[in-house]
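The structure appears right after this line, and notes come after that.
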Amino acid sequence: MESPGDPPTTSAESSTGSTALFPYRLRPGQEPIVRAISEIARTGGPLLIDAATGSGKTVATLAPLLEHAEQADHRILYLVRTHAQEVQVLQEARAISHRLDHPLLALGLEGRQRRCFLLEGIHEMKGATAEEHGKLCADRKRATQRAFDEGTLLTPPPELPEEGPVDLTDLDGCAYYARVLQADLDALTERFSTKLPSPSEFNEYSRSENLCPYELSKKLAGRARILTAPYAFFFHPHIRQSLLAWMGVPLDRVDLVIDEAHNVPDQLRELATVSLPQESVRRARAELAERGDFQLPDGPGAARFLEIVQRSIDQLVERIGDDEDGILPPNALEDTLLTEIGGTSHRLDTWLGALASWGETLREEKRRQRRLPRSWVHTVALTLLSWPQLEPPGYVKVVSRAPRRAIEAYALDARVPAEAVRGCHLSVHLSGTLAPLEEYRDSLGLGESAKLLSVPSQFPPQNRKFLYDPELTTRFEDLRTDPTLLPRLADRLAEILQDLPVKTALFFPSFDLMNRVLAAGLQSALPPGHVIESPRVPMADLWRSVEVFKKGPEGGVLLGVTGGRIAEGLDFPDEELEAVVVVGIPYPKPTAKREALRRFLDQETGHGWEYCHEAPAQRAILQSFGRMIRSENDRGIAIVVDRRATTFEGVLPGLAPLGDLRATAKQFYGRKARWIPLPGGPQAPTPVPAPDPPKA
Ligand code: SF4
2 MESPGDPPTT
12 SAESSTGSTA
22 LFPYRLRPGQ
32 EPIVRAISEI
42 ARTGGPLLID
52 AATGSGKTVA
62 TLAPLLEHAE
72 QADHRILYLV
82 RTHAQEVQVL
92 QEARAISHRL
102 DHPLLALGLE
112 GRQRRCFLLE
122 GIHEMKGATA
132 EEHGKLCADR
142 KRATQRAFDE
152 GTLLTPPPEL
162 PEEGPVDLTD
172 LDGCAYYARV
182 LQADLDALTE
192 RFSTKLPSPS
202 EFNEYSRSEN
212 LCPYELSKKL
222 AGRARILTAP
232 YAFFFHPHIR
242 QSLLAWMGVP
252 LDRVDLVIDE
262 AHNVPDQLRE
272 LATVSLPQES
282 VRRARAELAE
292 RGDFQLPDGP
302 GAARFLEIVQ
312 RSIDQLVERI
322 GDDEDGILPP
332 NALEDTLLTE
342 IGGTSHRLDT
352 WLGALASWGE
362 TLREEKRRQR
372 RLPRSWVHTV
382 ALTLLSWPQL
392 EPPGYVKVVS
402 RAPRRAIEAY
412 ALDARVPAEA
422 VRGCHLSVHL
432 SGTLAPLEEY
442 RDSLGLGESA
452 KLLSVPSQFP
462 PQNRKFLYDP
472 ELTTRFEDLR
482 TDPTLLPRLA
492 DRLAEILQDL
502 PVKTALFFPS
512 FDLMNRVLAA
522 GLQSALPPGH
532 VIESPRVPMA
542 DLWRSVEVFK
552 KGPEGGVLLG
562 VTGGRIAEGL
572 DFPDEELEAV
582 VVVGIPYPKP
592 TAKREALRRF
602 LDQETGHGWE
612 YCHEAPAQRA
622 ILQSFGRMIR
632 SENDRGIAIV
642 VDRRATTFEG
652 VLPGLAPLGD
662 LRATAKQFYG
672 RKARWIPLPG
682 GPQAPTPVPA
692 PDPPKA
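Under our numbering, think of the first position of the sequence shown as 2, with each following residue one higher.
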């Protein structure tokens with residue numbers, strides 16, 4: 002980041018007419034962004050920007066946008082995917098604020114799960130939904146308000162047992178909320194303005210003052226010009242409604258920015274998907290067994306009904322054989338249920354209604370007892386009641402075996418949950434891998450008039466080399482029919498690792514393929530200290546292993562999956578990573594859901610295959626390669642081990658066959674390969690002096 006005091010060397014004023022707030026020297030890649038933002042601020046509507054990570058797009062977006070928001074009295078809502086992005090937005094806002102002649106308030110919002118001091122560490126809260134947490138909080142706030150009105154405030158905080166578990170029922174009222182009710186909001190606004198604390202600094206301050214940071218940020222949201230928040234704050238309809246109320250503005254006075262937007266269409270589909278896992282039915286049966294059965298109106302006992310639901314799902318799962326998922330024919334669930342029980346769909350609704358109200362009563366009872374207001378019977382009944390409304394063309398019903406046994410109404414149409422985006426004055430969609438922009442635009446229904454901007458990478462082209470293997474592939478059909486393919490892949494990867502003298506990451510399209518290639522011989526070719534990503538390893542342990550890799554000696558090897566926690570979530574600047582190998586083309590798994598999505602997008606846009614398969618594969622490849630190139634000083638060799646890589650040569654400049662990788666690497670890095678071939682024999686690894694970190 003440059004110093005806020007640096008005068009702009011490019012006259013931003015002359016090129017855009019609206020960048021007086023830009024706090025640094027304007028770099029070439031930032032100019033078109035500033036210009037486009039200034040324009041969209043004037044006209045309103047959506048703007049899609051594809052610009053490489055490290056190009057400074059956050060500040061280039063925020064500065065002209067703030068200028069507009071100040072003039073028009075709009076609010077900027079900057080949606081982020083990770084905590085680190087939230088911190089970066091606030092840092093840039095701080096730099097920009099020095100250009101203003103008045104204080105600026107920008108705040109980072111976080112969910113109750115991260116900000117509730119009262120209920121943190123309580124075992125029963127583990128896995129509580131936002132709705133359940135909200136109910137518990139609402140009760141305690143009500144009790145606090147009562148005490149406040151009666152003049153008996155809960156200060157200092159309630160005494161909690163020093164050791165042993167804290168029971169939810171110990172807690173009546175919330176002293177942290179009481180402190181918020183007493184807080185001097187003007188003084189706090191002054192304190193936070195221009196200093197613009199990061200979310201963790203905000204939380205630390207709140208803790209030191211016994212204030213609830215969640216409630217405090219709500220109270221201050223209406224005074225903030227810039228808010229950053231996780232996606233859920235905007236895309237979850239109920240939370241969005243509350244957020245707009247806290248902000249005190251209608252949607253058309255919101256200037257929306259969505260960072261790392263490339264995954265938003267898939268995330269919106271997931272958000273709108275309704276799923277009934279077999280496990281939820283099992284828990285509902287257990288709940289009923291514990292509480293006692295009851296008779297459904299003119300029907301079976303509730304326990305028998307749930308047993309039939311569980312059996313029906315089992316039958317539907319068995320019908321798909323070994324497949325991961327399968328499409329359910331229309332009314333398959335209803336027909337299976339009614340065949341078992343007898344009756345009509347009207348009676349089915351009546352029974353589900355009875356189950357739902359039994360569950361609601363249980364939730365209220367638990368709530369009165371100050372317990373987690375949860376009922377599995379309620380969850381199952383509500384899901385089944387909504388089931389008939391989730392119909393084509395927006396939904397497809399599937400039954401799945403993996404990752405869990407469930408029936409699902411999969412939402413195909415991301416345009417529906419994205420509707421609120423179109424209601425904002427403007428929306429800016431940012432990512433280093435947003436291309437193909439038309440796919441993103443059409444998936445969210447942003448309309449033909451949406452402005453599209455692709456900013457070419459400003460990093461020196463000689464710092465990147467794109468290569469591919471013209472012989473091998475991970476194509477499903479080839480893997481199925483050619484038994485030599487896996488060992489050949491393992492050998493080729495071992496050779497590549499021997500030829501690259503730098504820290505290297507291998508990203509596979511799936512854990513399954515990674516394990517098969519490891520078993521086919523790659524495992525024995527890995528140097529000591531290598532790190533392997535595993536879906537079962539908790540985040541904190543994985544991070545620790547990756548840190549060991551980053552600090553480790555040259556030649557370290559990291560294995561993960563494209564689209565995984567490493568390939569899309571971590572940065573490796575400088576020499577922390579200098580080569581990335583993508584094994585195969587990471588096309589999405591050909592599941593029944595994907596196929597339904599392809600057909601839907603084909604029908605709606607005429608680009609089913611490109612949008613549903615090629616676009617995600619392209620993004621996954623570029624995300625993986627992007628781990629090592631985060632600034633103009635980073636460099637690296639990027640290799641796709643798949644002959645189909647040429648499909649993506651448009652986004653992999655200078656893509657060339659592997660050829661003599663050892664010579665290429667020597668020339669590129671100017672160092673020797675790490676392993677010396679044994680004379681007359683197969684190449685063998687020279688021991689690398691590395692500590693033995695725990696495997697991820
Ligand atoms: S007011 Fe804050 S600390 Fe108290 S219960 Fe609600 S979220 Fe938790």
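Backbone N, C-alpha and C define an ideal beta-carbon position, used for all residues, glycine too.
Note that the structure is predicted; figures quoted are calculated from it, not measured.
*Please classify PRO162: is it buried, with 16 or more other beta-carbons within 10 angstroms of its beta-carbon, or exposed?*
Reliability of the predicted coordinates at PRO162 is poor, the pLDDT of 47 falling under 50, and the value obtained from them is presented with this limitation in mind. Exposed: under 16 other Cβ atoms inside 10 Å.
*asked:* Please state the DSSP three-state secondary structure of LYS590.
replied: coil
*GLN86 to SER625, Cα distance in whole Å?*
18 Å
_Exposed unless 16 or more other CB atoms sit within 10 angstroms - verdict on PHE23_ = buried
*Would you tell me roughly how many angstroms separate the C-alpha atoms of GLU271 and ARG663, rounded to the nearest one?*
44 Å
*For GLU133, which residues of its own chain have a beta-carbon under 7 Å away from its beta-carbon, when the five flanking residues on both sides are left out?*
LEU373, PRO374 and ARG375
_DSSP bridge partner residues for ASP603 (one or two, in chain order)_ = Per DSSP, none; premise fails for ASP603.
*Whole angstroms is fine: what's the gap from LYS594's alpha carbon to VAL399's?*
7 Å
*With VAL381 as the anchor, note down where its alpha helix (DSSP H) starts and where it stops.*
377 to 387
*Examine the ligand SF4 and report whether any of its heavy atoms sits within less than 6 Å of the Cβ of LEU119.*
yes
_My parser needs the beta strand (DSSP E) runs of 3 or more residues fully inside the region 347 to 376; what are they?_
none
_Residues that DSSP places opposite GLY327 in a beta bridge_ = VAL400
*Since TYR215 is in the alpha helix (DSSP H), which residue starts that stretch and which ends it?*
214 to 222
_Residues bridged to PHE467 (per DSSP)_ = ALA639
*Tell me whether PRO104 sits in a helix, a strand or coil according to DSSP, three-state version.*
coil
*Can LEU659 and PHE467 be called in contact, C-beta distance under 7 Å?*
no
*Indicate whether THR274 and ALA412 have their beta-carbon atoms separated by less than 7 Å.*
yes
*What do you reckon, is the C-beta of ARG115 under 6 Å from a heavy atom of the ligand SF4?*
no
*Which residues DSSP lists as bridging HIS430, in chain order*: LEU49 and ILE259
*asked:* At the level of alpha carbons, what is the spacing between GLY322 and ALA382?
replied: 27 Å
*What residues in its chain sit with their C-beta under 8 Å from that of PHE460, if we drop five residues either side in the sequence?*
ALA53, GLY55, ILE630, SER632, GLU633 and ASP635
*Compute the beta-carbon to beta-carbon distance between VAL503 and TYR670, rounded to the nearest angstrom, for a pair I have assumed lies under 8 Å.*
6 Å
*Measure the C-alpha to C-alpha separation of GLY57 and TRP388 and round it to an integer number of angstroms.*
45 Å
*asked:* Quick check for students: name the residue ranges of the beta strand (DSSP E) that lie wholly in the region 499 to 551, counting only runs of 3 or more.
replied: 505 to 509
*Buried versus exposed call for GLU216 [16 or more other C-beta atoms within 10 Å across all chains shown]*: buried
*Give the range of the beta strand (DSSP E) segment to which LYS452 is assigned.*
452 to 456
*asked:* Quick check on the DSSP output: what are the complete alpha helix (DSSP H) runs of length 4 or more inside the region 51 to 116, in order along the chain?
replied: 58 to 73, 84 to 98 and 113 to 116
*Give me the Cα-Cα distance between PHE118 and LEU244, rounded to the nearest whole angstrom.*
21 Å
*Using a Cβ-Cβ cut-off of 7 Å, state whether LEU560 counts as contacting chain D.*
In the structure shown, chain D does not exist; there is a single protein chain.
*Outcome for ASP1 when other beta-carbon atoms lying within 10 angstroms are tallied against a minimum of 16*: Nothing about residue 1 can be read from this structure; the chain reaches only from 2 to 697.
*Hey, out of ARG481, ARG36, LEU252 and GLY570, whose CA is closest to ALA421's CA?*
LEU252
*Can PRO488 and ALA521 be called in contact, C-beta distance under 7 Å?*
yes
*DSSP on TYR411, reduced to helix/strand/coil?*
strand
*Nearest-angstrom Cα separation, counted from GLN31 out to ALA37*: 10 Å
*DSSP three-state call for VAL181: helix, strand or coil?*
helix
*Beta bridge counterpart(s) of ALA657 as assigned by DSSP*: LEU468
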